[in-house]
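Heads up: the structure comes next, in structure tokens.
Here it is as structure tokens:
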């Protein structure tokens, strides 16, 4: 039953995070600033929540995955990327930090561009039934 509760927490949390992201995008209509705000808020909350959970030891696994993976995963994945970079920094793995951050940003933008270009190629064929 424990694993089921964790999956349920991620599912419910993901819905909450996605609705929260949509709410911010309506509240802050200017691109790309709404995305920047979403990512910054997500980074702060994930960092705070993770540190709080570790420090106090009072956060159950269900709540941890519900908030961390669910709510913040639905809200933004940039927060996870940022926390992973911080973990590398804490281990003094500076080359890994640089490769991870630059690779994620440059690779992400490059792949978004490639995907956009491929998505624009050709015409979509209608299938008549």
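In the working numbering, the protein residues as written are 19 to 147. Even glycine gets a Cβ: it sits at the ideal position worked out from N, Cα and C.
Coarse secondary structure for residue i, derived from DSSP in three states
| i | result |
| --- | --- |
| residue 46 | coil |
| residue 102 | helix |
| residue 82 | helix |
| residue 111 | coil |
| residue 134 | helix |
| residue 75 | coil |
| residue 94 | coil |
| residue 139 | coil |
Outcome for residue i when other beta-carbon atoms lying within 10 angstroms are tallied against a minimum of 16
| i | result |
| --- | --- |
| residue 62 | exposed |
| residue 21 | exposed |
| residue 54 | exposed |
| residue 35 | buried |
| residue 60 | buried |
Neighbour flag for residue i against chain C, beta carbons, 8 angstroms
| i | result |
| --- | --- |
| residue 99 | Annotation note: the requested chain C is absent from the structure, which comprises a single protein chain. |
Cut-off 7 angstroms between Cβ atoms - residues of its own chain near residue i, not counting five sequence neighbours on either side
| i | result |
| --- | --- |
| residue 85 | 31 and 67 |
| residue 24 | 79, 80 and 83 |
| residue 38 | 93 |
| residue 99 | 122 |
Residues of its chain near residue i, where Cβ-Cβ distance is below 6 angstroms and the 5 sequence neighbours each way are ignored
| i | result |
| --- | --- |
| residue 64 | 90, 97 and 101 |
| residue 28 | 83, 87 and 88 |
| residue 119 | 103 |
| residue 111 | none |
Residues near residue i by beta carbon distance below 8 angstroms, same chain, minus five either side
| i | result |
| --- | --- |
| residue 137 | none |
Original post:
Do three or more CB pairs link the stretch 87–95 to the stretch 109–116 at distances below 8 angstroms?
Top reply: no
Original post:
Between the stretch 73–83 and the stretch 44–59, do at least 3 Cβ pairs fall closer than 8 angstroms?
Top reply: no
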